Amino acid sequence: MDAALQGIRMSWQSEKAHGEEIAYQLAPLGNVTVVRFFSGAAMRLDGVMFGFMSRGSLFLRVDDVNRPAFVAAGMGPFSYERPTRTVSLDGYYETPADVLEDAGALFDWCRSAYRAALLAGPPKRKARAVPKAAAPEATPVSKRVAKPASKASPKPASAREAKPASKRTTKPASKPAAKSPAKRKQT
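Per full-length UniProt numbering, the sequence shown starts with residue 1, numbered consecutively.
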């Protein structure tokens, strides 16, 4: 196995182990499950993700109610580097080390994060265009309505009146026959 891939696997395993230790401390909250989440581990209670482990830190879900406690402790949002910019996820803040060491405080902070995750609802998906083949199924079938007789012209009225309407000339039915190669040589 590639050394880089082995390092990722080891990281995931260590994040999961750390997450399971925290889940054990949160047993009074309910059945906290720890599942893979990118290169870290997500922590879920009743299927709701309220935090995740990444780079050895616990990041908890925040909202306007519990964010001030994280900011007061000097913690910031989860962020990661992209080739052209730094991406910051303002919905998850790093948990202070002193909270991780105090089981009672950890319980309170995780309960608050779970409440924030419940209030936030499921993740919002980006809108996708409806494929044209699926569009007729989504809309009810209705009778076609005849188009109005006159079509509005994008040109102003003065421009339309300036030029008389012209009729299209019809093309002749066929072109005159070309001279045969034998006749061309005779002339």
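Cβ atoms here follow ideal geometry from the backbone N, Cα and C, with glycine treated the same way. Predicted, not measured: the structure shown is a model, and the values here were computed from it.
Problem set entry | beta strand (DSSP E) segment containing Ser-112, residue limits | Taken as a continuous stretch (DSSP letters only), Ser-112 belongs to no beta strand (DSSP E), being part of the alpha helix (DSSP H) at 103-120.
Exercise. For the stretch 35-100, which segments carrying the alpha helix (DSSP H) assignment without a break, of at least 4 residues, lie completely within its bounds, in sequence order?
Worked result: 67-72
Problem set entry | Environment of Ala-97 [buried if 16+ CB atoms lie within 10 Å] | exposed
Exercise. Looking at the unbroken alpha helix (DSSP H) that takes in Gly-30, where does it start and where does it end?
Worked result: From DSSP, Gly-30 is part of no alpha helix (DSSP H); its letter is neither H nor E.
Problem set entry | CB contact below 8 angstroms: Gly-56 versus chain D | The chain inventory of the structure shown lacks chain D, comprising one protein chain alone.
Exercise. How would you label Thr-84, buried or exposed, when you count the other beta carbons within 10 angstroms and need 16 or more for buried?
Worked result: exposed
Exercise. Taking one C-beta from the stretch 27-40 and one from the stretch 62-69 each time, how about it: are there three or more such pairs within less than 8 angstroms?
Worked result: no
Problem set entry | Counted within 10 angstroms of its Cβ, other Cβ atoms place Met-75 as buried (16 or more) or exposed | buried
Exercise. Contact between the stretch 44-54 and the stretch 107-119: three or more CB pairs below 8 angstroms?
Worked result: yes
Exercise. Candidates Asp-108, Trp-12 and Val-87: which alpha carbon is nearest Thr-95's?
Worked result: Asp-108
For this session: Leaving aside the five residues before and after Asp-46 along the sequence, list all residues of the same chain whose C-beta is less than 8 angstroms from its C-beta, in chain order.
Result: Gly-30 and Asn-31
Exercise. Taking buried to mean at least 16 other C-beta atoms within 10 Å of its own C-beta, is Tyr-93 buried or exposed?
Worked result: buried
Exercise. Going by the CB atoms, is the gap between Trp-12 and Arg-36 shorter than 8 angstroms?
Worked result: yes
For this session: With a threshold of 16 other CB atoms inside 10 Å of the CB of Ala-17, please say whether the residue is buried or exposed.
Result: exposed
Problem set entry | Close beta carbons around Leu-100, own chain, < 7 angstroms, minus the five adjacent residues each side | Leu-58 and Leu-106
Exercise. Leu-119 and Asp-63 look like a contact to me (Cβ under 8 angstroms); what is the Cβ gap, rounded to whole Å?
Worked result: 6 angstroms
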